[in-house]
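Novice: I'd like to ask you about the structure that follows.
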Ligand SMILES: N[C@@H](CCC(=O)N[C@@H](CS)C(=O)NCC(=O)O)C(=O)O
């Protein structure tokens, strides 16, 4: 049985990716949730992770003693282990494009990620409007998302970026949550995609669990002093 170590569902954008990927693709797994804490070396979070990953970060996927400790590597491992699930597009050009997009999501969008941390239960449209007005880098990151997504969405023969759900949609799911929480302005085509991602059964399940956590972690909350 696969075991996925994750963090708080309200906050852990990296954890959300493989969890949504596996759940939406129908890959069975057990979940181990590690509550976010100080992340100090002697913290409960780090101590419990130590047994499976020296990197000390979530997500970690454990399969028969093998630890995979990065969300992109986890996705690649799953794509190899479950080829019948077609987690990447089947056609080579589309697959390469999807890989580029997932890699870009993994390594870039730093302004969007740092200014607008994932916080599923929060509704922060005023914060989003202020950040949007004050930060050209944020506007540039969202413009880049639009540039990546729009041609695919306007030509799409299915609801997701490469027609059917796959790794690339799972990778962008936390960004969709950020666009919703901070009400960042996007085109109608992009808004419709964000809503389709939000409506995926696996995303709905993750969001319901995030809303049920009621676990306010002040260090993850640059914009709120209470829930
Ligand atoms: N590149 C990693 C990043 C993972 C990551 O930064 N996870 C955060 C939680 S969302 C974490 O575990 N932070 C603990 C720490 O910084 O000590 C991945 O994609 O899995």
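Residue numbers (my numbering): 2 to 228. C-beta atoms are modelled at their ideal positions from N, C-alpha and C, and glycine is treated no differently. Note that the structure is predicted; figures quoted are calculated from it, not measured.
1. CB of residue 58 to nearest heavy atom of ligand 1: below 7 Å?
2. From residue 158 to residue 76, what does the alpha carbon distance come to, in whole angstroms?
3. Can you check which of these residues, 86, 106, 94 and 28, is closest to residue 1 by C-alpha distance?
4. DSSP three-state label for residue 68, please.
5. Checking 8 Å against the spacing of the C-beta atoms, do residue 68 and residue 18 come in under that value?
6. Taking only three categories from DSSP, how would you classify residue 28?
7. So for residue 63, helix, strand or coil by DSSP?
8. Taking the alpha carbon of residue 52 as the reference point, which residue from 70, 12 and 39 has its own alpha carbon closest?
9. Taking 8 Å as the limit between beta carbons, can you name the residues of its chain near residue 144, skipping five residues before and five after?
10. Relative to the C-alpha of residue 65, which residue among 82, 49 and 59 is closest?
11. Quick check on DSSP: helix, strand or coil for residue 187?
12. Starting from the N-terminal side, write out each stretch of the alpha helix (DSSP H) that is 4 residues or longer and does not extend beyond the segment 195–219.
13. So does residue 71 have its beta carbon nearer than 7 Å to some heavy atom of ligand 1?
14. Any idea if residue 179 is buried or exposed, counting beta-carbon neighbours within 10 angstroms, 16 or more meaning buried?
15. Using the Cα positions of residue 39 and residue 94, report the straight-line distance between them to the nearest angstrom.
16. For residue 53, which of helix, strand or coil comes out of DSSP?
17. Assign residue 129 to buried or exposed, taking buried as 16 or more other Cβ atoms, counted over all protein chains shown, within 10 Å of its Cβ.
18. I need the boundaries of the beta strand (DSSP E) containing residue 3, first residue and last residue.
Specialist: In short:
1. yes
2. Their Cα atoms are separated by approximately 24 Å.
3. Residue numbering for the chain in the displayed model covers 2 to 228; residue 1 lies beyond these limits and cannot be assessed.
4. In the structure shown, residue 68 sits in a strand (DSSP, three-state: E or B).
5. no
6. coil
7. For residue 63, the secondary structure class from DSSP, reduced to helix, strand or coil, is strand.
8. For residue 52, the closest of 70, 12 and 39 by C-alpha to C-alpha distance is 70.
9. none
10. 82
11. coil
12. 202–214
13. yes
14. buried
15. 43 Å
16. coil
17. Buried, since its Cβ has 16 or more Cβ neighbours within 10 Å.
18. 3–7
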